[in-house]
Structure formats: structure tokens, C-alpha cells
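Colleague: Got a structure here, written out as C-alpha cells. Questions coming.
There are 2 protein chains.
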Amino acid sequence: MARRTTAPPISWLMQLTLERPGLISLAAGFTDDETLPAREAKAALTELLSESKSSRIALQYGSTAGDPTLRRLTTERWSRQDNNPPWTQQIDPAKNLLITNGSQQLLYLVAECLCDPGDIVLVEDPTYFVFLGIAQSHGLRCRGITLTDAGMDLAHLEQVLEDLKRSGGLSRVKFLYCVSYFQNPTGRTTAWTVKAGALELLRRYERAAGHPLYLLEDAAYRELRFAGEDVPSTLTFKQAYQRVIYTGTYSKPFATGVRVGFGWLPDALFTPVHRLKGNHDFGTTSLLQQLLVRVLESGQYDRHLEVLRRRYAHKAKIMTAAMQETFPPRVTWLTPRGGLYVWGRAPRSWKTGIGSRVFEQALQQDVLYVPGRLCYAKDPTRRVPQHEMRLSFGNASDGDLRAGIQRLGTVLHAAGNA
Amino acid sequence: MARRTTAPPISWLMQLTLERPGLISLAAGFTDDETLPAREAKAALTELLSESKSSRIALQYGSTAGDPTLRRLTTERWSRQDNNPPWTQQIDPAKNLLITNGSQQLLYLVAECLCDPGDIVLVEDPTYFVFLGIAQSHGLRCRGITLTDAGMDLAHLEQVLEDLKRSGGLSRVKFLYCVSYFQNPTGRTTAWTVKAGALELLRRYERAAGHPLYLLEDAAYRELRFAGEDVPSTLTFKQAYQRVIYTGTYSKPFATGVRVGFGWLPDALFTPVHRLKGNHDFGTTSLLQQLLVRVLESGQYDRHLEVLRRRYAHKAKIMTAAMQETFPPRVTWLTPRGGLYVWGRAPRSWKTGIGSRVFEQALQQDVLYVPGRLCYAKDPTRRVPQHEMRLSFGNASDGDLRAGIQRLGTVLHAAGNA
Numbered sequence: 001m002a003r004r005t006t007a008p009p010i011s012w013l014m015q016l017t018l019e020r021p022g023l024i025s026l027a028a029g030f031t032d033d034e035t036l037p038a039r040e041a042k043a044a045l046t047e048l049l050s051e052s053k054s055s056r057i058a059l060q061y062g063s064t065a066g067d068p069t070l071r072r073l074t075t076e077r078w079s080r081q082d083n084n085p086p087w088t089q090q091i092d093p094a095k096n097l098l099i100t101n102g103s104q105q106l107l108y109l110v111a112e113c114l115c116d117p118g119d120i121v122l123v124e125d126p127t128y129f130v131f132l133g134i135a136q137s138h139g140l141r142c143r144g145i146t147l148t149d150a151g152m153d154l155a156h157l158e159q160v161l162e163d164l165k166r167s168g169g170l171s172r173v174k175f176l177y178c179v180s181y182f183q184n185p186t187g188r189t190t191a192w193t194v195k196a197g198a199l200e201l202l203r204r205y206e207r208a209a210g211h212p213l214y215l216l217e218d219a220a221y222r223e224l225r226f227a228g229e230d231v232p233s234t235l236t237f238k239q240a241y242q243r244v245i246y247t248g249t250y251s252k253p254f255a256t257g258v259r260v261g262f263g264w265l266p267d268a269l270f271t272p273v274h275r276l277k278g279n280h281d282f283g284t285t286s287l288l289q290q291l292l293v294r295v296l297e298s299g300q301y302d303r304h305l306e307v308l309r310r311r312y313a314h315k316a317k318i319m320t321a322a323m324q325e326t327f328p329p330r331v332t333w334l335t336p337r338g339g340l341y342v343w344g345r346a347p348r349s350w351k352t353g354i355g356s357r358v359f360e361q362a363l364q365q366d367v368l369y370v371p372g373r374l375c376y377a378k379d380p381t382r383r384v385p386q387h388e389m390r391l392s393f394g395n396a397s398d399g400d401l402r403a404g405i406q407r408l409g410t411v412l413h414a415a416g417n418a
Numbered sequence: 001m002a003r004r005t006t007a008p009p010i011s012w013l014m015q016l017t018l019e020r021p022g023l024i025s026l027a028a029g030f031t032d033d034e035t036l037p038a039r040e041a042k043a044a045l046t047e048l049l050s051e052s053k054s055s056r057i058a059l060q061y062g063s064t065a066g067d068p069t070l071r072r073l074t075t076e077r078w079s080r081q082d083n084n085p086p087w088t089q090q091i092d093p094a095k096n097l098l099i100t101n102g103s104q105q106l107l108y109l110v111a112e113c114l115c116d117p118g119d120i121v122l123v124e125d126p127t128y129f130v131f132l133g134i135a136q137s138h139g140l141r142c143r144g145i146t147l148t149d150a151g152m153d154l155a156h157l158e159q160v161l162e163d164l165k166r167s168g169g170l171s172r173v174k175f176l177y178c179v180s181y182f183q184n185p186t187g188r189t190t191a192w193t194v195k196a197g198a199l200e201l202l203r204r205y206e207r208a209a210g211h212p213l214y215l216l217e218d219a220a221y222r223e224l225r226f227a228g229e230d231v232p233s234t235l236t237f238k239q240a241y242q243r244v245i246y247t248g249t250y251s252k253p254f255a256t257g258v259r260v261g262f263g264w265l266p267d268a269l270f271t272p273v274h275r276l277k278g279n280h281d282f283g284t285t286s287l288l289q290q291l292l293v294r295v296l297e298s299g300q301y302d303r304h305l306e307v308l309r310r311r312y313a314h315k316a317k318i319m320t321a322a323m324q325e326t327f328p329p330r331v332t333w334l335t336p337r338g339g340l341y342v343w344g345r346a347p348r349s350w351k352t353g354i355g356s357r358v359f360e361q362a363l364q365q366d367v368l369y370v371p372g373r374l375c376y377a378k379d380p381t382r383r384v385p386q387h388e389m390r391l392s393f394g395n396a397s398d399g400d401l402r403a404g405i406q407r408l409g410t411v412l413h414a415a416g417n418a
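Residue numbers (our numbering), protein chains in the order written: chain A, 1 to 418; chain B, 1 to 418.
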């Protein structure tokens with residue numbers, strides 16, 4: 001495993017950002033510095049550590065699955081978002097919920113639990129590049145499913161499943177990974193009908209696969225919505241809860257320095273994933289779980305979320321306005337309605353990868369982005385597109401967003417004229 | 001992996017403790033409630049979140065390897081404990097140090113990095129049972145090395161290495177796991193000469209193994225010393241740093257609700273383990289790292305540690321005095337000089353495992369301990385001893401320690417008379 005595991009690009013990009021203070025980073029998924037909830041966290045922690053009972057819970061070990069109150073609050077919150085889907089009334093919803101160190105850990109645990117080296121995972125094309133690192137490290141093969149503006153292209157998903165069935169590969173497929181809200185990296189949200197179709201297709205191929213085909217719905221950005229309506233999760237479909245792994249996080253909507261995520265798991269997966277979590281760390285740190293209990297109960301979490309939503313709406317507007325103004329007209333993008341990213345698409349012949357002229361010149365100009373190609377799985381059935389870039393409006397200040405995009409605009413104009 | 005992974009007994013025991021408030025638990029490794037550093041943590045967090053720079057660092061993502069200041073402080077602290085061994089002046093000590101979610105995560109990462117299913121790990125007999133869970137989950141085989149009062153029996157270690165060499169198994173041996181200070185579960189500390197001998201033996205068999213044989217030194221309880229002198233770590237031996245993985249934790253000496261550990265890794269292992277950590281969670285939560293920076297720098301950590309040491313000395317004394325008073329004379333133990341555990345040994349014919357009369361009667365009397373057999377690896381070359389028990393004085397109150405031991409004494413007398 002160690003020999004197989006390559007350096008994750010996120011670490012390198014994050015490291016670069018931390019080490020070069022002059023650099024304007026539109027790359028790593030850091031969140032907004034100005035709205036970090038210092039006042040809210042201080043108030044909650046002070047309260048928490050002033051009472052003997054709550055401070056004892058916060059400073060002592062807890063259980064592997066997570067704090068019971070946080071699990072209850074998480075269940076209630078999520079049920080509300082999905083308008084209390086009927087099945088949550090039938091089974092004990094807290095039973096299948098695991099608290100993790102950010103949703104990242106849940107992704108890791110699921111891959112570890114479901115897959116052997118050589119297995120196949122279906123991913124969006126492009127997808128969250130850290131997930132590709134996990135897959136690569138576990139020796140998994142990925143097949144990319146083309147994205148449309150409404151999420152996965154169902155015709156392509158069907159074609160891939162059919163191909164795999166024909167070639168005998170279907171028995172190695174374990175799950176489909178879908179970043180369903182304001183996707184990292186493209187900002188796209190999966191439509192409800194697409195979720196329905198994907199679930200239906202997976203179900204249809206189960207018999208040929210010989211085992212369940214799960215859908216791993218990564219809803220990390222769901223709460224960071226600043227335009228449009230929420231879309232119900234895949235869990236709302238009838239009986240879907242036995243095939244859907246749903247993961248979310250409190251880190252991005254509250255503070256990325258407070259790493260607490262969660263995952264909702266089908267009965268068949270909860271026990272093994274829970275055991276693996278026990279081996280990893282026997283439980284997420286209590287202090288952070290209690291901090292979240294407190295801000296969720298007091299309403300501070302929701303008030304802070306409103307601040308964040310307004311702030312990211314503002315920053316997304318600054319970024320896209322600057323792009324409109326300074327990028328060559330042949331570079332296009334989708335206006336984000338949530339999340340942290342704008343996905344820029346240059347003409348196909350303009351390369352944006354590490355080592356490309358655009359990337360190197362941008363670095364010379366002290367501006368960093370995530371090359372789009374890093375977000376594509378190694379899938380031998382298609383060429384990796386080289387002409388895209390993930391631009392994050394999460395961390396940079398308003399001024400840096402404008403300056404960074406302007407510099408990048410200059411670099412892209414030069415590329416267009418080359 | 002999921003099929004292979006069994007339920008970790010620690011989770012079950014911890015769950016039982018959390019769910020039955022009437023139960024006196026001398027089982028799980030929870031720490032003392034009365035000395036939890038609520039005041040210290042509150043003061044440090046308030047300071048931290050009152051300044052804009054420090055609160056930004058605390059509430060934002062950091063790097064995968066850990067906060068640079070915490071890594072520097074950890075290096076300095078550890079070097080001081082070892083009287084600044086010469087090699088720390090020659091190489092950049094922060095380079096090989098990884099901050100993890102408790103030292104547990106480091107144990108997991110090392111097993112994941114070094115081992116394939118079917119590989120062999122040498123462990124103390126008995127050893128930390130959660131590590132056995134990690135090994136089992138990864139499909140590793142364990143060989144137990146008999147413990148003496150000074151640590152591993154070197155003659156037995158040599159015999160096991162020789163056996164493995166002869167049977168062709170040596171090429172599957174990856175490392176030796178040693179809980180070197182106030183060992184969990186027996187409370188024993190490995191003597192300096194035993195460490196030297198173990199390293200020497202591993203080195204001698206490297207050629208036959210065909211690859212490095214590492215020593216994983218788990219120093220989780222090193223700071224919880226309340227009697228006797230400190231023993232230098234294995235890292236103090238000449239050139240040992242290329243064969244030693246040293247792991248420690250801030251959780252037990254500060255607060256178990258603040259899960260931060262660390263690991264010192266040889267050059268050849270740092271990069272792959274760092275990458276795996278990137279896939280697990282790309283870095284331990286910043287808020288807790290900054291809390292530790294603050295209490296380490298202010299001296300609060302050390303002042304709190306003094307309180308803890310006095311407290312555990314006191315609790316160990318209460319426990320052993322009660323054992324002296326109420327246990328049948330045929331049950332023996334080693335007086336602890338640190339850590340959280342007393343290892344009780346009944347006569348060989350008295351069974352203490354889950355399902356045994358002693359365990360069930362103890363549970364009926366509302367007292368829980370860790371059956372000694374859980375701490376023994378599945379090693380086909382010897383029978384698992386059934387007559388021991390790990391008794392923790394960490395969490396129970398003074399009164400509960402006395403009452404719990406008294407109840408257990410009654411159960412053990414009955415066993416003796418049966």
C-alpha cells in the first residue's frame with residue numbers, strides 16, 4: 001500500500017499556500033478567514049468548560065460512534081432538510097450514524113470497508129481529487145461518468161455499467177461516488193431526477209454484479225447554498241437507505257479547524273465501518289463534538305451559516321465579475337449557486353496542468369489554481385481533459401480575489417495569443 | 001478487510017461503561033474525571049480565540065504533517081526528556097515528526113504502511129489489545145514475546161526470530177511492537193538494556209529478513225510516571241533513528257477529550273505515512289493543536305501533569321492497598337510506578353475471561369475489568385493464559401476504586417473456594 005500511494009496534490013498545494021505568504025491561492029479548499037466563528041466558538045467553549053458535567057464530557061473519551069446528543073441533533077437536522085422522509089420514522093435513525101473526523105474520514109472508511117485492490121469505483125468525471133487519492137492508495141480502478149449541468153449523464157452511466165457487465169468487470173464494481181451539491185470541483189448540483197435514475201440503474205445491475213451496488217452521496221457543500229432551492233438527498237427515495245451512504249460535514253459550514261463530519265450508513269455497512277473506526281481512533285475527539293452540540297443547540301451554528309452564505313455569495317460574485325472583466329471570452333464557467341468553486345474551461349487546446357505554460361506563468365505571477373486534470377480519474381477509456389481549472393473563492397480576500405483573477409486573466413490572454 | 005475485522009473489545013467495554021452508570025468500571029482506559037483540566041483548557045482557548053491571528057490558525061485548515069510550532073515544541077520536549085541525544089543535532093528533527101489523532105492513529109498508519117495481509121508482527125505477550133485489533137483487521141499474524149519484569153525476554157525474542165528464520169517466515173516479519181513505559185496492560189517498563197538488546201537482535205536478523213526490521217516504541221504512558229526514574233527512549237541509541245518509530249500522545253497526560261498524538265518516523269517511512277495521513281484526513285484538527293501549543297508554552301501542561309502524577313500515585317495506592325486487603329493471597333500483582341493499570345494474576349486454574357464465572361459474577365456485582373486473555377495475540381505457538389486481569393485506576397473515584405476492588409475480592413474468594 002505504501003509503495004502504491006502517491007503524493008496527494010492537495011497536500012502539495014496546501015503546503016505551497018502555507019509557505020509562500022505572497023501567493024494568492026485560488027487553489028486549496030481553505031474557507032473564508034474573515035468569517036471564522038472565533039466569537040461563537042469562544043462563547044460556546046467558555047460555557048462548555050464552565051460547567052462540571054459538560055466539561056467532563058468534553059475532556060474525556062467518548063464512544064466510537066460519536067456523542068449521542070450530536071448524533072440525535074445531526075439526525076434531526078438532516079431529517080428536517082429532507083422534510084422528514086417516511087423511513088426515518090420507522091427505524092432508529094441514530095443507529096446508522098457515525099461521527100467522523102471530517103467527512104474525509106468517512107470516505108476513507110467506506111473505501112477501506114467495501115473495496116479490495118483491483119475493485120472498481122464509479123466516479124463523476126471530474127470529481128473530488130482527494131477521493132481519487134484514496135482510491136489510488138487502495139489500488140482501486142476508477143471509471144468516470146460524464147457530467148452534465150444536472151449531474152451525471154445517466155446514459156453514460158448505463159453505458160459504463162453495460163460495458164462492465166459485458167467485459168466481466170461488473171462484479172468488481174462496489175459503489176458510485178457522487179458529490180451531489182455544488183460539486184467539488186465543478187460547482188454543479190445533481191438534480192433529483194438524476195439521483196433517482198442513478199439509483200435505479202445501480203439497482204438494475206445488482207443481480208449481474210452479484211452484490212449490492214451502493215451510492216456514496218457526499219453532501220459536504222450542501223449547507224453552503226447561497227442561491228436556488230435545496231434538492232432532497234438520495235436517502236429520500238423509497239428503500240434507498242439500504243443502498244445509500246450519505247456523508248456530510250460540520251467543518252466547512254462552521255470552521256475547518258473543527259474537523260467533525262458524519263456518515264449515514266446502511267445496516268450492512270454500519271457494523272464493519274464502525275469497527276474500522278474503532279481501530280483508526282476509537283472515536284472523534286469529544287471537545288469538538290461538544291462544541292458542535294452547543295452551537296447547534298444555541299442556534300449559533302445556523303446564524304453563522306447565514307453569515308457564511310451571504311459572504312460566499314458576495315465572494316463568488318466578485319470572482320465571476322472579475323473573470324467576466326479580465327478573462328478572454330473563450331474561457332467559460334458556470335455561475336456558482338453554492339460551495340466554494342468556479343470551474344473555468346479554456347478552449348481544449350490550452351493546457352492548464354502542472355508544468356504547463358499557463359500554470360507556470362500563473363505561479364510566477366504569484367497566483368495558484370487547481371489544474372482541472374487533477375480532478376479526473378485515471379480511466380483508460382477516455383483522454384484526460386487538460387484545459388480546465390478549479391478556482392476557489394473560499395479563502396482569498398476580496399482584494400486578492402480581484403487581483404488573482406486579474407493576473408490569471410493576463411496569463412490566459414497570453415496563452416490565447418501564443 | 002471488512003469481513004475480517006472483528007468487534008474491538010475496547011468498544012464493547014467502553015460502551016458498557018457509558019450505558020450502565022451504576023457500573024464501577026476498572027476496565028476501559030478512561031482517565032481521571034476530577035483532574036480534567038477544564039480551567040486550563042478554558043483559559044487557553046479563551047486567549048487563543050481572542051486574538052485574530054491565533055484564532056484564524058485555530059479555526060482554519062492546517063497542513064497534513066501538523067502545526068509547525070507544535071512540531072517544534074514536541075521535538076524540544078522529547079529531546080529534553082532524552083537529554084538531547086546527539087543525532088537530534090545533526091538532522092532537522094521536525095522533518096520526521098507527524099502529528100496524529102492520538103497515538104492510536106499513528107499505530108494504524110504504521111501497520112497500514114508497512115504490512116500486507118499475512119505479514120508477521122512481533123508483540124509483547126501480553127500487549128495493548130487495541131493494537132491486536134488493528135493487526136487482526138489488517139490480516140497480520142502476531143508472535144508473542146514473553147515479558148519479564150524488565151520488558152521483553154530477549155532470549156525468547158531471539159528464539160522466535162531464529163524459529164522464523166528456519167521456517168522461512170522471517171521475510172514476512174515487519175516490526176516489533178513495544179509499549180515501553182508502564183505498559184498497557186501490565187504496567188511494566190522496558191529497561192534500557194532490553195531496548196538495546198532488542199534493537200541489536202533485530203539488526204542481526206535484517207539480512208536474513210531481506211528488509212529493515214523496525215521497532216515501534218509506543219511511549220503513550222511515559223509522562224504518567226509517578227515513581228522511579230525515566231528511561232531513555234530507543235531513539236537515543238546510535239543510528240537507531242533509522243529503525244525506530246517512536247510514538248507518544250498528549251491525550252492521556254492532558255485530556256483524553258483532546259485527541260492529539262505524534263510519531264517520529266525514520267526517513268524511509270515518513271513520506272508514505274505522511275501520504276496515508278493525507279488520505280485519512282489531511283491533517284489533525286487545528287483547534288486542538290493550537291490548544292496544546294498554548295498550554296505547552298504557558299507551562300500549564302507541565303503544571304497539570306504534576307497534578308495528574310500525584311493523583312495517579314494516590315489512586316494506584318488506593319487500589320493496591322484495597323487489593324492487599326481484600327484479594328485472596330494467591331492473587332499477585334506488580335506495584336505500578338506510572339500509567340493507569342495494575343495487572344492482577346490469579347492462580348493459573350482460575351479463569352477470568354468473558355463468560356467465565358469470575359467475569360460474570362463481577363458483572364453481577366456491577367464491577368468490570370479487562371480479562372487478561374484479551375491482551376494476548378492469537379499465537380499458535382503457545383496457549384493463551386486465562387487467569388489474569390487488567391485493573392485500571394484511571395477513571396474510578398477513590399470510593400469506587402475501594403468498592404470495586406472489594407467486590408472483586410469477594411468474587412475472587414468465591415473462585416478460590418469453588
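Glycine included, C-beta positions come from ideal geometry on N, C-alpha and C.
(1) What ranges does the beta strand (DSSP E) occupy inside the region 168-208 of chain A, keeping only unbroken runs of at least 3 residues that lie completely in it?
(2) Between the beta-carbon of Lys42 of chain B and the beta-carbon of Leu287 of chain A, is there less than 8 Å?
(3) Using the three-state DSSP reduction, which class does Glu51 of chain A fall into: helix, strand or coil?
(4) The region 40-67 of chain B: which residues have C-beta closer than 8 Å to a C-beta of chain A, in chain order?
(5) Closer than 8 Å, CB to CB, is Arg20 of chain A near chain B or not?
(6) With which residues is Phe254 of chain A paired in a DSSP beta bridge?
(7) Confirm, please, whether the CB-CB distance from Leu49 of chain B to Ala38 of chain A is below 8 Å.
(8) Using 10 angstroms around the beta-carbon of Gln324 of chain A, count the other beta-carbons present and answer buried if the total reaches 16, otherwise exposed.
(9) Cβ closer than 7 Å: which chain B residues qualify as neighbours of Ala38 of chain A?
(10) Indicate whether at least one CB of chain B lies closer than 8 Å to the CB of Tyr108 of chain A.
(11) Report the three-state DSSP secondary structure of Ala397 of chain A (helix, strand or coil).
(12) Examine chain B for any beta-carbon lying closer than 8 Å to the beta-carbon of Ala403 of chain A, and answer yes or no.
(13) What's the gap between the Cα of Arg3 of chain B and the Cα of Gly197 of chain B?
(14) Hey, how far is the Cα of Asn417 of chain B from the Cα of Ile405 of chain B?
(15) Which one or two residues does DSSP pair with Asp218 of chain A in a beta bridge?
(16) Taking only beta-carbon atoms, is Glu112 of chain B less than 8 Å away from chain A?
(17) Whose Cβ in chain A lies nearer than 7 Å to the Cβ of Pro266 of chain B?
(18) Looking at C-beta atoms only, is the number of pairs between the region 276-290 of chain B and the region 65-80 of chain B that lie closer than 8 Å three or more?
(19) CB-CB under 6 Å to Ala111 of chain A, same chain, minus the five flanking residues each way: which ones, in chain order?
(20) Examine chain A for any beta-carbon lying closer than 8 Å to the beta-carbon of Asp302 of chain B, and answer yes or no.
(21) In whole angstroms, what is the alpha-carbon distance linking Glu51 of chain B and Gln183 of chain A?
(22) At which residue ranges does the region 324-366 of chain A contain complete beta strand (DSSP E) runs of 3 or more residues, listed in the order of the chain?
(23) Going along the chain, which residues of the region 241-257 of chain B sit with their C-beta nearer than 7 Å to a C-beta in chain A?
(24) Would you say Asp119 of chain B reaches chain A, if we count a Cβ-Cβ gap shorter than 8 Å as a contact?
(25) To the nearest angstrom, report how far apart Gly144 of chain B and Leu265 of chain B are at their CA atoms.
(26) For a contact meaning CB atoms closer than 7 Å, what does Ile134 of chain A contact in chain B?
(27) Do Asp125 of chain B and Ala174 of chain B have their beta-carbon atoms positioned less than 8 Å apart in this structure?
(28) Is the number of C-beta pairs between the region 200-208 of chain B and the region 157-167 of chain B that are closer than 8 Å three or more?
(29) Taking only beta-carbon positions, decide if Thr127 of chain B is within less than 8 Å of chain A.
(30) Between Thr186 of chain A and Cys178 of chain A, what straight-line distance do the alpha-carbon atoms span, to the nearest angstrom?
(31) Can you list the residues of chain B that Ser286 of chain A reaches, using a CB-CB cut of under 9 Å?
(32) Counting only Cβ pairs nearer than 7 Å, list the residues of chain A close to Asp33 of chain B.
(33) Can you give the Cα-Cα distance for Pro85 of chain B and Arg373 of chain A, rounded to whole angstroms?
(34) Near Val293 of chain B, which residues of its chain fall below 7 Å by C-beta distance, leaving aside the five closest residues on each side in sequence?
(35) Using 10 angstroms around the beta-carbon of Glu229 of chain B, count the other beta-carbons present and answer buried if the total reaches 16, otherwise exposed.
(36) Taking DSSP as the reference, what is the three-state secondary structure of Glu34 of chain A?
Modeller: According to the structure shown:
(1) 173-179
(2) To locate residue 42 of chain B, count along the second sequence from 1; it is residue 42. To locate residue 287 of chain A, count along the first sequence from 1; it is residue 287. Result no, Cβ atoms of Lys42 of chain B and Leu287 of chain A do not sit closer than 8 Å.
(3) Position 51 of the first sequence, counted from the first residue, corresponds to residue 51 of chain A. Three-state result, Glu51 of chain A: coil.
(4) Ala41, Lys42, Leu45, Thr46, Leu49, Ser50, Ser52, Ser55, Arg56, Ile57, Ala58, Leu59, Gln60, Tyr61, Gly62, Ser63, Thr64
(5) Against the first sequence, residue 20 of chain A aligns to sequence position 20. Taking Cβ atoms only, chain B never reaches closer than 8 Å to Arg20 of chain A, which makes this a no.
(6) Locating residue 254 of chain A in the first sequence gives position 254, where the first residue counts as 1. Partner(s): none; Phe254 of chain A has no beta bridge.
(7) In the first sequence, the residue the question calls residue 38 of chain A occupies position 38. In the second sequence, the residue the question calls residue 49 of chain B occupies position 49. It is a contact, given that the beta carbons lie within the stated cut-off.
(8) Walking along the first sequence from the start, residue 324 of chain A turns up at place 324. When all chains shown are included, Gln324 of chain A counts as exposed.
(9) Indexing the first sequence from 1 puts residue 38 of chain A at position 38. Ordered by position in chain B, the residues that pass the 7 Å Cβ test against Ala38 of chain A are Leu49, Ser55, Leu59.
(10) One-based indexing of the first sequence puts residue 108 of chain A at position 108. Interface residue, yes.
(11) Mapped onto the first sequence, residue 397 of chain A falls at position 397. In the sequence as presented, Ala is not what sits at residue 397 of chain A; that position holds Ser. Residue state, collapsed to three classes: coil.
(12) For the purposes of this step, residue 403 of chain A is identified with residue 403 of the first sequence, where counting begins at 1. No, Ala403 of chain A lies away from the interface with chain B (no Cβ there is under 8 Å from its Cβ).
(13) Against the second sequence, residue 3 of chain B aligns to sequence position 3. Against the second sequence, residue 197 of chain B aligns to sequence position 197. Between Arg3 of chain B and Gly197 of chain B, the C-alpha separation is close to 38 Å.
(14) Stepping through the second sequence from its first residue, residue 417 of chain B is reached at position 417. Stepping through the second sequence from its first residue, residue 405 of chain B is reached at position 405. Approximately 18 Å, taken between the alpha carbons.
(15) Within the first sequence, the letter at position 218 stands for residue 218 of chain A. Paired residue(s): A:Val179, A:Thr247.
(16) Here residue 112 of chain B is taken as the residue at index 112 of the second sequence, counted from 1. For Glu112 of chain B, the answer is yes, since a Cβ of chain A falls inside 8 Å of its Cβ.
(17) Looking up residue 266 of chain B in the second sequence gives position 266. None at all; the shortest Cβ gap to chain A is about 13 Å.
(18) Short answer: they touch.
(19) Within the first sequence, residue 111 of chain A is the residue found at index 111, counting from 1. Answer for Ala111 of chain A: Ile134, His138, listed in chain order.
(20) Residue mapping note: residue 302 of chain B aligns to position 302 of the second sequence, counting from 1. With 8 Å as the cut-off, Asp302 of chain B does not count as an interface residue toward chain A.
(21) On the second sequence, position 51 is the one that residue 51 of chain B refers to. On the first sequence, position 183 is the one that residue 183 of chain A refers to. One C-alpha to the other measures close to 34 Å.
(22) 341-345
(23) Ala255, Thr256, Gly257
(24) Taking the first residue of the second sequence as 1, we reach residue 119 of chain B at position 119. No, because no Cβ of chain A sits closer than 8 Å to the Cβ of Asp119 of chain B.
(25) If you number the second sequence from 1, residue 144 of chain B lands on position 144. If you number the second sequence from 1, residue 265 of chain B lands on position 265. Roughly 24 Å separates the two Cα atoms.
(26) The residue labelled residue 134 of chain A in the question sits at position 134 within the first sequence. Simply Asn279.
(27) Locating residue 174 of chain B in the second sequence gives position 174, counting from the first residue. Locating residue 125 of chain B in the second sequence gives position 125, counting from the first residue. It is worth fixing the name first, because residue 174 of chain B is Lys in this sequence and not Ala. Cβ distance not < 8 Å, so Lys174 of chain B and Asp125 of chain B don't count as in contact.
(28) yes
(29) Mapped onto the second sequence, residue 127 of chain B falls at position 127. Interface residue (Cβ-Cβ distance to chain A less than 8 Å): Thr127 of chain B is not classified as such.
(30) Along the first sequence, one-based indexing puts residue 186 of chain A at 186. Along the first sequence, one-based indexing puts residue 178 of chain A at 178. Distance between the alpha carbons of Thr186 of chain A and Cys178 of chain A: 12 Å.
(31) Position 286 of the first sequence, counting from 1, holds the residue named residue 286 of chain A. Correct list: Ala255, Thr256, Gly257, Val258, Arg259.
(32) Numbered from 1 along the second sequence, position 33 holds the residue referred to as residue 33 of chain B. Within chain A, the residues near Asp33 of chain B are Arg56, Gln60.
(33) Taking the first residue of the second sequence as position 1, residue 85 of chain B is located at position 85. Taking the first residue of the first sequence as position 1, residue 373 of chain A is located at position 373. Between Pro85 of chain B and Arg373 of chain A, the C-alpha separation is close to 46 Å.
(34) As a working mapping, residue 293 of chain B is identified with position 293 in the second sequence. Result list for Val293 of chain B: Asp67, Thr69, Leu70, Leu73, in chain order.
(35) Position 229 of the second sequence, counted from the start, is the residue given in the question as residue 229 of chain B. By the 10 Å Cβ count, Glu229 of chain B comes out exposed.
(36) For the purposes of this step, residue 34 of chain A is identified with residue 34 of the first sequence, where counting begins at 1. Looking at Glu34 of chain A - three-state DSSP - the assignment turns out to be coil, as it is neither helix nor strand.
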